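Colleague:
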Amino acid sequence: MEIKVLSADIATLPVKAIIVNLFEGVTQPSGATGAVDQALGGAISRLIAEGEIKGKLSEVTLLHTLGKIPPQRVAVVGLGKAQELTLDRVRGATAEVCRALRRVGATQVATIVHGAGQGSTDPNQAAQAVVEGALLGLYTFRRHLTKEAEHKEMEELTLVERDSDKLSALERGVARGRVLAEAAIFARDMVNEPANYMTPTIMADRAQEMARAEGLECTVLDREDMQRLGMGALLAVAQGSHQPPRFIILRYRGEGAEGKPLGFIGKGITFDSGGISLKPSEGMAEMKSDMAGGAAVVAAMRAIARLKPKVIVTGLVPCTENLPGGAAQKPGDVLKALNGKTVEVVNTDAEGRLILSDALSYAVREGIGPLVDLATLTGACQVALGKIRSGAFTNNQEFLARVIKAAEDAGEKLWQLPMDEEYKEDNKSRVADIKNAGSRWGGAITAAQFLAEFVGDTPWVHLDIAGTAMTDKDRGYLVNGATGVGVRSLVHLALSYEKGRS
Ligand code: BES
Ligand code: MN
Ligand code: ZN
248 MEIKVLSADI
258 ATLPVKAIIV
268 NLFEGVTQPS
278 GATGAVDQAL
288 GGAISRLIAE
298 GEIKGKLSEV
308 TLLHTLGKIP
318 PQRVAVVGLG
328 KAQELTLDRV
338 RGATAEVCRA
348 LRRVGATQVA
358 TIVHGAGQGS
368 TDPNQAAQAV
378 VEGALLGLYT
388 FRRHLTKEAE
398 HKEMEELTLV
408 ERDSDKLSAL
418 ERGVARGRVL
428 AEAAIFARDM
438 VNEPANYMTP
448 TIMADRAQEM
458 ARAEGLECTV
468 LDREDMQRLG
478 MGALLAVAQG
488 SHQPPRFIIL
498 RYRGEGAEGK
508 PLGFIGKGIT
518 FDSGGISLKP
528 SEGMAEMKSD
538 MAGGAAVVAA
548 MRAIARLKPK
558 VIVTGLVPCT
568 ENLPGGAAQK
578 PGDVLKALNG
588 KTVEVVNTDA
598 EGRLILSDAL
608 SYAVREGIGP
618 LVDLATLTGA
628 CQVALGKIRS
638 GAFTNNQEFL
648 ARVIKAAEDA
658 GEKLWQLPMD
668 EEYKEDNKSR
678 VADIKNAGSR
688 WGGAITAAQF
698 LAEFVGDTPW
708 VHLDIAGTAM
718 TDKDRGYLVN
728 GATGVGVRSL
738 VHLALSYEKG
748 RS
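Going letter by letter, the sequence shown gives residues 248 to 749 in the working numbering.
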């Protein structure tokens with residue numbers, strides 16, 4: 248979709264449809280909405296008076312202009328109460344109104360920049376949010392459908408601002424919004440891909456291709472490299488599948504940046520059958536999304552390469568299938584992880600923490616840190632927090648505060664879960680240093696405690712995205728399927744290390 252910025256009177260533009268907005272409780276629209284209302288002979292204010300338009304968040308009303316102005320349609324989108332407006336509400340409302348206009352075939356659309364005139368919201372951020380909302384909300388995954396879509400794609404979106412002084416700020420917002428949204432879409436595309444089209448090899452190829460295009464350094468370790476290094480945990484998971492494992496390393500170095508790299512680590516299980524501890528077949532198909540953390544890391548690295556903050560970032564993604572082949576690891580097996588610790592594998596379905604433990608040890612050994620890992624790690628986290636917030640765990644409260652701030656900037660919600668010593672009891676083994684699963688209770692926490700054993704003192708945040716990586720309904724800028732969660736949070740985190748940018 249082409250996105251433009253223009254200084255004009257929105258009612259006069261030669262486009263199929265225009266978008267204006269309304270805050271809840273406003274009876275007489277002002278600004279651009281007021282001007283369009285006047286041009287339509289008071290059609291909007293009449294609908295408000297009749298109670299059809301209330302301005303509730305994401306309420307969409309489509310009006311036909313019947314020749315009164317050049318655009319055939321006006322969409323009025325509700326923004327909720329003015330004092331409750333956030334950038335994330337702008338993203339969500341923009342997404343909903345764009346989908347409504349796509350349904351009626353509006354291919355060229357102009358919109359006012361929701362929130363740009365609003366108190367503390369600066370126009371640059373408002374424009375960024377509008378672009379993120381539009382691109383993410385209009386996303387579809389049609390790669391394997393041979394039938395044409397029933398809708399036409401929106402081809403052109405023009406952001407209209409009357410104050411021409413704001414145009415350059417809007418342009419910057421549009422550019423950044425596009426990079427962020429396209430990165431989240433890159434992740435969604437990888438996650439939505441069925442497991443036969445997203446094997447560890449294919450995932451590594453995508454990362455390599457991306458790195459070449461964006462000027463990033465990319466190294467991919469294969470099974471022999473892992474054997475040489477002693478990645479016994481990753482190898483143990485991989486031994487049940489005919490698909491060879493891959494370990495993706497992506498390196499970004501901002502110009503003039505010094506110090507240790509910030510590390511992003513993502514779980515890359517391209518399909519999780521559970522292994523010998525086989526999952527029930529119902530719902531197993533969803534386990535093609537068990538590489539969502541890894542996809543988020545690869546995609547975030549692409550956005551960082553494009554935005555070029557003055558930081559050093561390394562992305563690590565251990566990739567393998569978790570299958571119950573003849574050579575698969577068995578419950579009760581003991582393995583030796585990269586850092587030398589022995590692990591009793593009591594449940595082969597607790598494979599995420601195994602592959603992550605080797606990736607974390609690798610990061611620590613390479614002097615990478617602070618670290619953020621993202622993983623669709625536990626059903627327990629989804630039970631605890633539902634599908635709205637990702638679980639957050641840390642060994643360093645200060646670093647977590649920074650990650651939470653970055654996630655807020657992205658409109659992604661986190662909730663901290665505890666890491667009390669007492670929970671470690673569940674991971675104690677009689678035959679090895681640690682075991683990979685405990686009781687059912689506090690399963691998200693004991694998984695995090697397992698990971699903590701491999702990071703030492705390096706500041707580290709673990710994000711359990713089991714509940715948030717996929718959605719089964721359209722909600723604001725999230726659409727059925729993969730959400731791309733984590734991508735924009737990671738990018739904001741990297742940007743936060745460059746002073747003067749946020
Ligand atoms: N990939 C799953 C977790 C998951 C569940 C992600 C639902 C997304 C949606 C993970 O590998 C797993 O199987 N975890 C087990 C751990 C248990 C065996 C200790 C779980 O949560 O049941
Ligand atoms: Mn599993
Ligand atoms: Zn898994």
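Don't be surprised by glycine CBs; every beta carbon is placed ideally from N, CA and C.
Since this is a predicted model, take the numbers as computed values, not measurements.
#1: Who's in the neighbourhood of the ligand BES, going by beta-carbon under 5 Å from any heavy atom, listed in chain order?
#2: Would you identify the three-state DSSP class for VAL732, choosing helix, strand or coil?
#3: Rounding to the nearest angstrom, what Cα-Cα distance links LYS526 and ASP472 in this structure?
#4: So what does ARG722 bridge to, in DSSP terms?
#5: Return yes when the Cβ of CYS566 is within less than 8 Å of the Cβ of GLY515, no when it is not.
#6: Specify, as a first and last residue, the run of the alpha helix (DSSP H) that ASP605 falls within.
#7: Mapping DSSP to helix, strand and coil, what is TYR744?
#8: Alpha carbon to alpha carbon, what distance is there between ARG419 and ASP605?
#9: Report all residues from its chain with a CB closer than 6 Å to the CB of LYS251; omit the five preceding and five following residues, and keep chain order.
#10: For GLN644, which three-state DSSP category applies?
#11: Which complete alpha helix (DSSP H) runs does the segment 384 to 449 hold, if anything under 4 residues is left out?
#12: Would you report the Cα separation of GLY339 and SER305, rounded to the nearest angstrom?
#13: Can you tell me whether TRP688 is buried or exposed? The criterion is at least 16 other CB atoms within 10 Å of its CB, across all chains shown.
#14: So is the beta-carbon of ILE291 under 7 Å away from any non-hydrogen atom of the ligand ZN?
#15: Between which residues of its own chain and ILE681 is the CB-CB distance below 8 Å, once the five residues before and five after are set aside?
#16: Would you kindly work out how many angstroms separate the C-alpha atoms of GLY521 and ASP580, rounded to a whole number?
#17: Put HIS709 into one of helix, strand or coil per three-state DSSP.
#18: Can you name the start and end residues of the alpha helix (DSSP H) that GLN474 belongs to?
#19: Identify whether THR259 lies in helix, strand or coil by the three-state DSSP scheme.
#20: Can you tell me where the beta strand (DSSP E) holding GLN355 begins and where it ends?
#21: Rounded to the nearest angstrom, what separates GLY599 and ALA428 at their Cα positions?
#22: For the alpha helix (DSSP H) containing LEU294, name the first residue and the last one.
#23: Could you check how far apart the C-beta atoms of PRO571 and VAL593 are, in whole angstroms? I think they sit under 8 Å.
#24: Roughly how many whole angstroms lie between the Cα atoms of CYS628 and GLY714?
#25: How would you label GLN474, buried or exposed, when you count the other beta carbons within 10 angstroms and need 16 or more for buried?
#26: Out of curiosity, what's the CA-to-CA distance linking ILE265 and SER411?
#27: Is it the case that the Cβ atoms of LEU309 and ALA347 are separated by a distance below 8 Å?
#28: Tell me the DSSP bridge mates of GLN663?
#29: For VAL521, is the beta carbon positioned less than 7 Å from some heavy atom of the ligand MN?
#30: Would you mind stating whether ALA584 and GLN486 have Cβ atoms separated by less than 8 Å?
#31: Within a Cβ cutoff of 7 Å, which residues of the same chain sit near ASP751, ignoring the five residues on either side of it in sequence?
#32: Quick check: is any heavy atom of the ligand ZN less than 7 Å from the C-beta of ILE516?
#33: Can you tell me which of the three DSSP states GLY572 falls into?
#34: By alpha-carbon positions, which one of ALA434, LYS671, GLY278, ALA695 ends up nearest to LEU664?
#35: Which of the three DSSP states is assigned to PHE697 in this structure?
#36: Can you tell me the Cα-Cα spacing of LYS555 and GLU502, whole angstroms?
Modeller: Checking against the coordinates, here is how it stands:
#1: Every residue whose Cβ sits closer than 5 Å to any heavy atom of the ligand BES is listed here in chain order: ASP519, ASP537, ASN594, ASP596, ALA597, GLY599, THR623, THR625, GLY626, ALA684, ALA713.
#2: Annotated three-state conformation of VAL732 is coil, per DSSP.
#3: So the alpha carbons of these two residues sit roughly 30 Å apart.
#4: Listed as beta-bridge partners of ARG722 by DSSP are LEU725.
#5: Going by C-beta atoms, GLY515 is nearer than 8 Å to CYS566.
#6: Segment 599 to 612, the alpha helix (DSSP H) holding ASP605.
#7: Of the three classes helix, strand and coil, the one that applies to TYR744 here is coil, per DSSP.
#8: Each residue's alpha carbon lies about 40 Å from the other.
#9: So the qualifying residues of the chain are THR405.
#10: Of the three classes helix, strand and coil, the one that applies to GLN644 here is helix, per DSSP.
#11: Counting only runs of 4 or more, we get 414 to 439.
#12: Rounded to whole angstroms, GLY339 to SER305 spans 7 Å at the Cα level.
#13: Exposed.
#14: Because no heavy atom of the ligand ZN lies under 7 Å away, the Cβ of ILE291 does not count as near it: no.
#15: Taken in chain order, the residues that qualify are LYS588, THR589, VAL590, GLU591, ASN674, LYS675, PHE697, GLU700.
#16: Distance from the CA atom of GLY521 to the CA atom of ASP580, rounded to whole angstroms, is 15 Å.
#17: In the structure shown, HIS709 sits in a strand (DSSP, three-state: E or B).
#18: For GLN474, the enclosing alpha helix (DSSP H) starts and ends at 470 to 476.
#19: Of the three classes helix, strand and coil, the one that applies to THR259 here is helix, per DSSP.
#20: Unbroken beta strand (DSSP E) run through GLN355: 355 to 359.
#21: The C-alpha of GLY599 lies about 27 Å from the C-alpha of ALA428.
#22: In this chain, the alpha helix (DSSP H) harbouring LEU294 covers 290 to 296.
#23: Between PRO571 and VAL593 a beta carbon distance of about 16 Å is seen, past the 8 Å cut, so the two are scored as non-contacting.
#24: For CYS628 and GLY714, the gap between their C-alpha atoms comes out near 7 Å.
#25: Looking at its Cβ environment, which holds fewer than 16 other Cβ atoms inside 10 Å, GLN474 is exposed.
#26: ILE265 and SER411: Cα-Cα distance of roughly 19 Å.
#27: Closer than 8 Å, so yes.
#28: According to DSSP, residue pairing for GLN663 in a beta bridge involves ALA639.
#29: The residue asked about is misnamed: residue 521 is Gly in this sequence, not Val. For GLY521, the shortest C-beta to heavy atom distance toward the ligand MN is below 7 Å.
#30: No.
#31: As shown, the chain starts at 248 and ends at 749. That puts residue 751 outside it, with no answer to give.
#32: Correct: ILE516 has its Cβ closer than 7 Å to the ligand ZN.
#33: Coil at GLY572, not helix or strand.
#34: Between LEU664 and the set ALA434, LYS671, GLY278, ALA695, the nearest pair of CA atoms involves ALA695.
#35: Helix, per DSSP.
#36: Per the coordinates, the alpha-carbon of LYS555 lies some 8 Å from the alpha-carbon of GLU502.
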